[in-house]
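Residue numbers (the UniProt record's numbering): 1 to 183. Structure, as structure tokens:
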């Protein structure tokens, strides 16, 4: 069990699967005590490690959540209880989520529904970001290529274009996919 105030304030904070689940369960308890229901949709590294098992930890937890004002308060309370940074669960991803994003049910707690981006949508998001060097995007893209059995750049672009218009797909994305999907 993760104890309260266990968070070690290092520069590079990593959240393990176990910790993420503990914190989500704590959010559920707060919602229950307020007689509210909430929803959290996980994206990025949190979905990659917790839902799809591609890795054991993530440096941040990107999510969309509702009801927003109440969830802000609850997320802040959980941060204080466990000594987490104030942005431990952040909705900064909202600026990158396409209008036709795709989420799947992950887990339903008594007062909290947890969904996660589908593998196809995560693939599209990761390809669009394709941050080289400082992130795990390339490893995540490689994992998703295997998971989705993508065999060509054409197949990859069909998935990308389901979620994003072609004008948003940068040349660096095409180059990366050509490199990763060499015959």
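Every residue, glycine too, gets a C-beta built ideally from N, C-alpha and C. Note that the structure is a prediction, hence the values are computed from the model and not measured.
Practice item. Look at residue 130 and residue 140 and say whether their C-beta atoms are less than 7 Å apart. Key: No, Cβ-Cβ distance for residue 130 and residue 140 is not below 7 Å.
Check your understanding: Taking Cβ to Cβ, would you say residue 27 is nearer than 7 Å to residue 112?
Key -> Taking a C-beta distance under 7 Å as the contact criterion, residue 27 and residue 112 qualify as a contact pair.
Review point. CB-CB under 7 Å to residue 71, same chain, minus the five flanking residues each way: which ones, in chain order?
Key: Contacts found: 38 and 65.
Review point. Taking contact to mean at least 3 C-beta pairs separated by less than 8 Å, is the segment 143 to 161 in contact with the segment 73 to 84?
Key: Contact fails: fewer than three Cβ-Cβ distances are below 8 Å.
Point to revise | Spatially closest choice to residue 32 from 57, 74, 58 and 168, by CA coordinates | key: Nearest option by C-alpha distance: 74.
Check your understanding: Can a CB atom of chain B be found closer than 7 Å to the CB of residue 113?
Key -> In the displayed structure, chain B is absent; only one protein chain is listed.
**Study point:** N-terminal and C-terminal residue of the beta strand (DSSP E) that residue 41 is part of
**Key:** Element bounds for residue 41: 38 to 43.
Exercise for review: Determine the direct distance from the alpha carbon of residue 45 to that of residue 55, and round the result to whole angstroms.
Suggested key: Residue 55 and residue 45 have their C-alpha atoms spaced approximately 9 Å apart.
Check your understanding: Considering only residues of the same chain and omitting the five flanking positions on each side of residue 104, which have a CB-CB separation below 7 Å?
Key -> Result list for residue 104: 115, 116 and 118, in chain order.
Review point. Since residue 52 and residue 174 are thought to touch, with beta carbons under 8 Å apart, how far apart are those beta carbons, to the nearest angstrom?
Key: Incorrect: roughly 24 Å between the Cβ atoms, too far for contact.
Exercise for review: Identify every run of the beta strand (DSSP E) within the UniProt domain "DUF6036" (26 to 154), keeping only runs that are complete inside it and at least 3 residues long; order them along the chain.
Suggested key: Complete beta strand (DSSP E) runs here, min 3: 38 to 43, 61 to 66, 103 to 108 and 112 to 117.
Check your understanding: Assuming residue 42 and residue 63 make a contact with CB atoms under 8 Å, what is their CB distance in whole Å?
Key -> Correct: roughly 5 Å between the Cβ atoms.
Exercise for review: Under 7 Å Cβ to Cβ from residue 152, same chain only, skipping five residues before and after it: list those, please.
Suggested key: Closer than 7 Å at Cβ, skipping near neighbours: 181.
Practice item. Compute every distance between the C-beta of residue 124 and the non-hydrogen atoms of the ligand HEM, then say whether any falls below 6 Å. Key: As presented, the structure is devoid of all ligands, the ligand HEM included, so that no description of it is given.
Exercise for review: Drop a sphere of 10 angstroms on the beta-carbon of residue 50, count the other beta-carbons inside from all chains shown, and report buried for 16 or more, exposed for fewer.
Suggested key: By the neighbour-count rule (16 or more Cβ atoms within 10 Å), residue 50 is buried.
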